[in-house]
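Those protein sequences? They're chains A and B, same order as listed.
Under this note's numbering, the residues of the first sequence are numbered 22 to 166, in order.
Under this note's numbering, the residues of the second sequence are numbered 22 to 166, in order.
Using N, Cα and C, we set each Cβ at its ideal position, and we do this for glycine too.
Predicted, not measured: the structure shown is a model, and the values here were computed from it.
Number of protein chains: 2
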Amino acid sequence: MVRGLPVEAKEALDNALMEHGLRSTKQREHVFSVLLHKRDHPTADEVYARSRQEMDSISLATVYNCLETLVGCGLVRAVNYEREPTRYCPNLHEHAHFQDRRTGRVYDVDLPPDLMKKLRAVLPEGYHAESIELYFHGKAEAENS
Amino acid sequence: MVRGLPVEAKEALDNALMEHGLRSTKQREHVFSVLLHKRDHPTADEVYARSRQEMDSISLATVYNCLETLVGCGLVRAVNYEREPTRYCPNLHEHAHFQDRRTGRVYDVDLPPDLMKKLRAVLPEGYHAESIELYFHGKAEAENS
DNA sequence: TTGAAAATTGGAATTATTCTAATTTAGTAA
DNA sequence: TTACTAAATTAGAATAATTCCAATTTTCAA
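Given below as structure tokens:
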């Protein structure tokens with residue numbers, strides 16, 4: 022069962038929404054709490070299913086709206102592997118993603134502190150990256166199930 | 022106008038198809054030549070439009086089939102930015118992609134020879150990457166149009 | 001409390017892609 | 001060459017994630 026947001030998360034959410042001129046709503050708060058509660062890179066459908074367990078009136082369209090809002094506020098990252106449904110990740114540390122070929126599951130991969138700088142350095146003059154996404158795909162050993 | 026394939030490309034194609042137990046067809050050859058002729062990361066629709074200029078009977082389904090085949094043979098890479106249509110890239114050198122936020126255009130970014138090794142090294146024990154995709158998104162200066 | 005703007009909602013619409021079943025083609029063996 | 005078989009192509013239908021739309025509800029500031 023998903024409890025409400027920890028105060029710090031609630032504050033981060035309210036601040037981020039405020040900064041972007043957006044309102045705090047119980048749906049946004051709940052969707053955010055769903056993402057924080059189980060950090061397994063769920064799809065919008067999965068977030069919808071989990072959200073309805075405690076907020077049965079929430080609609081799929083709202084889940085999409087909330088996820089887009091959270092991404093827009095920088096609280097959540099969208100993870101796209103090929104043409105699979107978008108997954109959502111509330112990990113704000115610098116990290117990459119690894120998808121297991123067999124299970125399809127996605128894992129966070131921590132990055133050394135200077136790696137992003139090094140990656141940025143490979144860009145030719147005149148190219149300014151606002152975001153950098155690093156995706157691994159392969160086999161992860163000894164995964165449960 | 023798209024001419025036929027250079028002999029070397031034709032050989033690379035036939036070899037790759039052969040190795041994968043697939044047949045050489047004029048559609049596969051033509052789609053490959055379309056990709057090689059203008060390396061601007063076209064979508065399937067764009068490849069379809071270009072292909073029809075010289076092969077008016079080719080179908081969209083075949084273009085999708087050929088592109089999938091070429092990707093499967095390792096002759097072409099699929100490039101996915103967010104939920105945009107997949108783009109196709111016949112550059113076989115190790116490289117990353119950069120998308121300009123304003124134009125949506127995608128550019129190849131050469132990578133230093135040891136970078137992929139370094140990236141692989143960030144994976145924890147037990148994770149084996151079969152592919153690594155590095156996506157930049159941002160502003161490219163002084164682009165024509 | 002009230003009014004306006006923003007957010008939510010259910011359902012329809014969109015669209016890139018995949019699927020299907022019929023036809024055509026490529027490659028092989030006689 | 002011919003005939004055969006498996007593979008490839010084709011047109012159009014189907015799929016599925018996401019977005020759009022118009023109506024209702026909610027938030028927040030005055």
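query, result
"Please compile the residues from chain B whose C-beta is within a distance smaller than 7 Å of the C-beta of residue 133 of chain A.", "143"
"Residue 119 of chain A: which of A/70, A/129, A/135 sits nearest, CA to CA?", "A/129"
"Under the three-state reduction of DSSP, which class applies to residue 136 of chain B: helix, strand or coil?", "helix"
"Nearest to residue 150 of chain A by CA position, among B/71, B/46, B/64, B/162, is which residue?", "B/162"
"If we require 4 or more residues per run, which alpha helix (DSSP H) segments fall completely within the segment 68–117 of chain A?", "81–93"
"Would you say residue 82 of chain A reaches chain B, if we count a Cβ-Cβ gap shorter than 8 Å as a contact?", "no"
"For the 8 Å Cβ check, are there 3 or more pairs between the segment 107–123 of chain B and the segment 72–84 of chain A?", "no"
"What does the alpha-carbon distance come out to for the pair residue 192 of chain B and residue 68 of chain B?", "In the structure displayed, chain B extends from 22 to 166; residue 192 of chain B sits before or after that span and is not available."
"So for residue 146 of chain A, helix, strand or coil by DSSP?", "coil"
"What is the DSSP secondary structure of residue 155 of chain A, counted as helix, strand or coil?", "strand"
"Between B/125, B/104, B/138, which lies nearest to residue 116 of chain B when the distance is taken from Cα to Cα?", "B/138"
"By the criterion of Cβ-Cβ separation under 8 Å, what are the contact partners of residue 46 of chain B in chain A?", "Residues of chain A passing the Cβ test: none, with the nearest at roughly 25 Å."
"Do the CB positions of residue 97 of chain A and residue 88 of chain A come within less than 8 Å of each other?", "yes"
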